[in-house]
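This report concerns only the one structure given below.
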Amino acid sequence: MSAPTTGTAQPTAGAREDATPSIRAVRLSKWYGRVTALQDVSLHLEPGIWGLLGPNGSGKTTFLRLVAGQLRPSLGEVRVCGLAPFGEVRALRRIGLCPEADAMYDDLTALEFVAAMAELSGYSRPAAKERAEAALDAFGLKKAMERKVGGYSRGMRQRAKLAQSVVHEPDVLLLDEPLTGTDPTSRAVILEQLAKRAAAGAVVLFSTHVLHEVEALTEQVLLIARGQVVAQGRVHEIRDLLEEHPHHVRVVCDRPRDLAAAVLGEPGVLGVRFPSADAVEFETRDPDRTYGAIAKKAVEGRFRVQSLTSPDATLEALFHYLVERSGRMAGTGADAASGSAAPYAAGGLAPGSGASPTPRGPSR
Amino acid sequence: MSVRDLGYRAYEGQRLPASHNTWVMVRHSVRRAWSSWLVKLPVFFCVGTAVVLGIYYLVAGVLVSGQTGEAFDAAPIVRRLVSAQMWLFVPFITLGAGAGSIAQDAVHRAFQFYFAKPVTPAQYLFGRVSAVAFFAGFVVVVPGVLLILLTVGYGAPSPEVRLERAGYLLPFLLSAALLSVVMASVSVGFSSLAKSRALTMSSWILVLVVPHVIAGAISLIAKTDWVFVASMPGLLDVVFDALFKSPREPEAHLAWWHAAPILAAVTAGSLLLAHRRLTHAEVIT
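Quick note, the sequences are listed as chains A and B, same order.
Under this note's numbering, the residues of the first sequence are numbered 21 to 384, in order.
Under this note's numbering, the residues of the second sequence are numbered 86 to 370, in order.
The structure is reproduced here in structure tokens:
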């Protein structure tokens, strides 16, 4: 595990377009009135697939919209292929965005909609239609492309939405929760297409709050919470962090105090508390071992166990832990909340350091 | 596996300039507007007014005038058609394609698709307004031109009268253009006021009808036409009268130079409001 490090990227100079696809943010912040949506984010993403992982309301969508040129930064800057995307035609033509909202028009066919989006990217009508057909075909909608979107299933709508985001072959592909509500077929098609785009040299950044969705696509993740990038690294390191941070196991049984006495001596168990008269909650650094110990003691002591749950076996708990931890590292917890705390860099990948691990899947 | 094996082909053609997106937005908006039955029905039935007024012209203008030998003035019929279309068909077009358009995109958050491309709020707005103006203009111009052709081609007693009737075309087209642009701009401006399509549509129709009805009632009692400054159709009628040089009642005080600046201000205000709402309230901030 790496120690927390401070972002080191410097502001990009001038508005020179880079041939190599990239996303660079330097002390990027965004406020909506008095609400802070994104705070002091610095990072540099190069070609490959990147997962933007965070709980709901953590700032993922705001970050994607800043990169997509739909929002003007309140402070700091964001560059896409060397260009500030807000109102910059050259940058916008190199960006593909698939928003989370299901904003497809029911009364248009998928072909009409995707072709219109291709035209808006600068293609002539015939070229746009050809590209739209190819994009929809790639996402498995060849037979359905002439049907109105209103008759599509949720997975098909999602694929049509993704098709419009790639119809102009963008160098930077931004996807907001692309797998939400998809069936296994749609999911397989989407994953395959995204891997292909990344292999072709694009930066694919997708947001999600589900860890296994990231694992299906990439090893590279950015963890965002409370508007801050709290960690950047590889999925297995996130897994390690999940295991490392204090874990809670709650058992509802007939004799919670007896069970606590029996389990407390087991290795890895850090503490115990009683949230109610019929429940005991263990704090542990080794959840697997503790689960085993509880099961063993429950059988040996003939406890009548009603439920065994983990109230914090979620990413939210991990994010909370990381934010608090980065706050402690920087000085105080208040530092973390205000965004001045340094982000956690797993695997030696500091935000803004320009590091760009090899993407998963086929390489160029 | 190489990129070629994956089916990628580099695009070798030219990318069109971002200004081309204005035209794309217009076509896209027209296509979207056409999907509404509130737009389709007026388009299909708009000629009905021309048929009714044409029959009136044939009876009053050709038969009666032919028997009495009095010269028939066909201008009021064409003028009447403009007002008839303004009340009978244009409101449906503005409801179907205008007054709910931005609200609908706001509800579905469809702006993100457009503004992720090199599309400016002004281009988006121009597309939406143009679509409404196109259909509103269609339901006025097509029956109007047919009616003018009828009065020119049938029942004109002399070449001079025929030429005079052909001259109706200019004030008619100006009236149709004014009606289309004003109604389209204001209705689309209304659609930006809220995220509820039902609310913006009902507000628009209320603003269109209620002040006119109230102004009509007050003008009857108070014997003044100044109250029509609060009615957009009333103001439009004043300008139409001026364009057609229609005779006015002696007690009429509201003149076209009063009405035109108000209409211009309302139209510009609606467009500015919609633009501001698009740039500040939704996506582009």
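C-beta: ideal position from N, C-alpha, C; glycine also.
Review point. What are the start and end residues of each continuous beta strand (DSSP E) run of 3 or more residues lying completely inside the segment 155-243 of chain A, in chain order?
Key: Within the segment 155-243 of chain A, the complete beta strand (DSSP E) runs of at least 3 residues are 192-196, 223-228.
Check your understanding: From A/151, A/156, A/86, pick the residue whose C-alpha is nearest to that of residue 181 of chain A; which is it?
Key -> If you number the first sequence from 1, residue 181 of chain A lands on position 161. Residue 181 of chain A has its Cα closest to that of A/156, out of A/151, A/156, A/86.
Review point. For residue 206 of chain B, which of B/142, B/226, B/274 has the nearest alpha-carbon?
Key: Position 121 of the second sequence, counted from the first residue, corresponds to residue 206 of chain B. Residue 206 of chain B has its Cα closest to that of B/274, out of B/142, B/226, B/274.
Point to revise | Assigned exposure category for residue 185 of chain B - 16 Cβ within 10 Å defines buried | key: Within the second sequence, numbered from 1, the residue matching residue 185 of chain B stands at position 100. With 16 or more other CB atoms across the displayed protein chains lying within 10 angstroms of its CB, residue 185 of chain B is buried.
Exercise for review: Excluding the 5 residues preceding and the 5 following residue 326 of chain A in the sequence, name in chain order all residues of the same chain whose CB lies nearer than 7 Å to its CB.
Suggested key: Against the first sequence, residue 326 of chain A aligns to sequence position 306. Within the same chain, 272, 273 come within 7 Å of residue 326 of chain A by CB-CB distance, once the 5 residues on both sides are set aside.
Review point. Quick one: what's got a C-beta closer than 7 Å to residue 254 of chain B's C-beta in the same chain, skipping five residues either side?
Key: Here residue 254 of chain B corresponds to residue number 169 of the second sequence, with the count starting at 1. Closer than 7 Å at the Cβ level, and outside the excluded window around residue 254 of chain B, lie 233.
Exercise for review: Check each residue of the segment 144-165 of chain B: if its Cβ is closer than 9 Å to any Cβ of chain A, include it; give the result in chain order.
Suggested key: Against chain A - using a Cβ distance shorter than 9 Å - the segment 144-165 of chain B contributes no residues.
Check your understanding: For residue 303 of chain B, which option in B/292, B/291, B/316 has the closest C-alpha, if you only look at C-alpha atoms?
Key -> On the second sequence, position 218 is the one that residue 303 of chain B refers to. For residue 303 of chain B, the closest alpha carbon among the candidates B/292, B/291, B/316 is that of B/316.
Check your understanding: With 8 Å set as the bound, which would you pick, yes or no: does the beta-carbon of residue 100 of chain B sit closer than that to a beta-carbon of chain A?
Key -> In the second sequence, residue 100 of chain B corresponds to position 15, counting from 1. For residue 100 of chain B, the answer is yes, since a Cβ of chain A falls inside 8 Å of its Cβ.
Exercise for review: Could you please give the first and the last residue of the uninterrupted beta strand (DSSP E) stretch that includes residue 106 of chain A?
Suggested key: For this step, residue 106 of chain A is matched to residue 86 along the first sequence. Premise fails: residue 106 of chain A is in no beta strand (DSSP E) and is neither H nor E.
**Study point:** For residue 42 of chain B, three-class secondary structure by DSSP
**Key:** Outside the shown range of chain B (86 to 370) lies residue 42 of chain B, about which nothing can therefore be said.
Review point. Beta-carbon of residue 312 of chain A versus every beta-carbon of chain E: anything under 8 Å?
Key: In summary, chain E is missing from the structure at hand, where the protein chains are A and B.
Review point. In terms of residue numbering, what span does the beta strand (DSSP E) encompassing residue 251 of chain A cover?
Key: Translated into the one-based positions of the first sequence, residue 251 of chain A becomes position 231. Where residue 251 of chain A is concerned, the enclosing beta strand (DSSP E) stretches over 248-254.
Check your understanding: In chain order, what residues of the segment 193-206 of chain B put their CB closer than 9 Å to some CB of chain A?
Key -> Taking 9 Å as the Cβ-Cβ cut-off against chain A, the residues of the segment 193-206 of chain B that qualify are 193, 194, 195, 196, 197, 198, 199, 200, 201, 202, 203, 204, 205.
Review point. Starting from residue 202 of chain B and walking both ways along the beta strand (DSSP E), at which residues does that stretch end?
Key: On the second sequence, position 117 is the one that residue 202 of chain B refers to. Premise fails: residue 202 of chain B is in no beta strand (DSSP E) and is neither H nor E.
Check your understanding: Does the Cβ-Cβ distance between residue 231 of chain A and residue 224 of chain A come in under 8 Å?
Key -> As a working note, residue 231 of chain A is residue 211 in the first sequence. As a working note, residue 224 of chain A is residue 204 in the first sequence. Their beta carbons are not under 8 Å apart, which means residue 231 of chain A does not touch residue 224 of chain A by this criterion.
Check your understanding: Pick from B/212, B/227, B/295, B/328: whose alpha carbon is nearest that of residue 312 of chain B?
Key -> Numbered from 1 along the second sequence, position 227 holds the residue referred to as residue 312 of chain B. Answer by Cα proximity: B/295.
**Study point:** Where residue 308 of chain B sits in the DSSP three-state scheme
**Key:** By one-based count along the second sequence, residue 308 of chain B stands at place 223. Of the three classes helix, strand and coil, the one that applies to residue 308 of chain B here is coil, per DSSP.
Check your understanding: If residue 223 of chain B and residue 128 of chain B are in contact, beta carbons under 8 Å, what's the gap, nearest whole angstrom?
Key -> The residue labelled residue 223 of chain B in the question sits at position 138 within the second sequence. The residue labelled residue 128 of chain B in the question sits at position 43 within the second sequence. Yes, residue 223 of chain B and residue 128 of chain B are in contact; Cβ-Cβ is about 6 Å, under 8 Å.
**Study point:** Beta-bridge partners of residue 68 of chain A, as assigned by DSSP
**Key:** Here residue 68 of chain A refers to the residue found at position 48 when the first sequence is read from its first residue. A/223, per the DSSP bridge assignment.
Exercise for review: Report the residues of the segment 352-365 of chain B with a CB closer than 8 Å to any CB of chain A, ordered along the chain.
Suggested key: Cβ contacts with chain A: none found.
Point to revise | Touch test, the segment 61-68 of chain A against the segment 246-259 of chain A, Cβ-Cβ under 8 Å, three pairs minimum | key: Yes: the two stretches touch, three or more of their Cβ pairs being nearer than 8 Å.
Check your understanding: Are three or more beta carbon pairs between the segment 187-200 of chain A and the segment 74-94 of chain A nearer than 8 Å?
Key -> Enough Cβ pairs lie closer than 8 Å, so yes.
Exercise for review: Let me know the secondary structure DSSP gives residue 290 of chain A once reduced to three states.
Suggested key: Your numbering for residue 290 of chain A matches position 270 in the first sequence. In the three-state scheme derived from DSSP, where H, G and I count as helix and E and B as strand, residue 290 of chain A is classed as strand.
**Study point:** residue 9 of chain A, DSSP secondary structure in three states
**Key:** Absent from the structure is residue 9 of chain A, since the part of chain A shown begins at 21 and ends at 384.
Practice item. Report the rounded CA-to-CA distance for residue 104 of chain A versus residue 227 of chain A, giving the unit in angstroms. Key: Translated into the one-based positions of the first sequence, residue 104 of chain A becomes position 84. Translated into the one-based positions of the first sequence, residue 227 of chain A becomes position 207. In this structure, the straight-line span from the alpha carbon of residue 104 of chain A to that of residue 227 of chain A is close to 21 Å.
Practice item. Count the other CB atoms, across all protein chains shown, that sit within 10 Å of the CB of residue 152 of chain B; report buried if there are 16 or more and exposed otherwise. Key: The residue you call residue 152 of chain B lines up with position 67 of the second sequence. So residue 152 of chain B counts as exposed.
Check your understanding: In terms of residue numbering, what span does the beta strand (DSSP E) encompassing residue 326 of chain A cover?
Key -> As a working mapping, residue 326 of chain A is identified with position 306 in the first sequence. Boundaries of the beta strand (DSSP E) around residue 326 of chain A: 325-329.
Check your understanding: Would residue 172 of chain A be called buried (16 or more neighbouring beta carbons within 10 Å of its own) or exposed?
Key -> Position 152 of the first sequence, counted from the first residue, corresponds to residue 172 of chain A. With 16 or more other Cβ atoms from the protein chains shown falling within 10 Å of its own Cβ, residue 172 of chain A counts as buried.
Check your understanding: Among B/283, B/269, B/175, B/209, which one has its Cα closest to the Cα of residue 107 of chain B?
Key -> As a first step, residue 107 of chain B is located in the second sequence; it is residue number 22 there, counting from the start. For the residues B/283, B/269, B/175, B/209, the minimum Cα distance to residue 107 of chain B belongs to B/209.
Practice item. Pick helix, strand or coil for residue 96 of chain A, following the three-state DSSP scheme. Key: Here residue 96 of chain A corresponds to residue number 76 of the first sequence, with the count starting at 1. Here residue 96 of chain A sits in strand by DSSP.
Point to revise | Any C-beta of chain A under 8 Å from that of residue 109 of chain B | key: In the second sequence, counting from the first residue as 1, residue 109 of chain B sits at position 24. At a cut-off of 8 Å between C-beta atoms, residue 109 of chain B counts as an interface residue with respect to chain A.
Review point. Identify the residues that DSSP records as bridge partners of residue 118 of chain A: which are they?
Key: In the first sequence, the residue the question calls residue 118 of chain A occupies position 98. Residue 118 of chain A pairs with A/195.
Exercise for review: Enumerate in chain order the residues of its own chain whose CB-to-CB distance from residue 177 of chain B is below 6 Å, with the five nearest sequence positions on each side excluded.
Suggested key: Stepping through the second sequence from its first residue, residue 177 of chain B is reached at position 92. Same-chain partners within the cutoff: 123, 127.
Check your understanding: Cβ of residue 119 of chain A less than 8 Å from any chain B Cβ?
Key -> In the first sequence, the residue the question calls residue 119 of chain A occupies position 99. When Cβ-Cβ separations below 8 Å define contact, residue 119 of chain A makes contact with chain B.
Point to revise | Range of the contiguous beta strand (DSSP E) that encloses residue 271 of chain A | key: Locating residue 271 of chain A in the first sequence gives position 251, counting from the first residue. Here the beta strand (DSSP E) through residue 271 of chain A covers 267-273.
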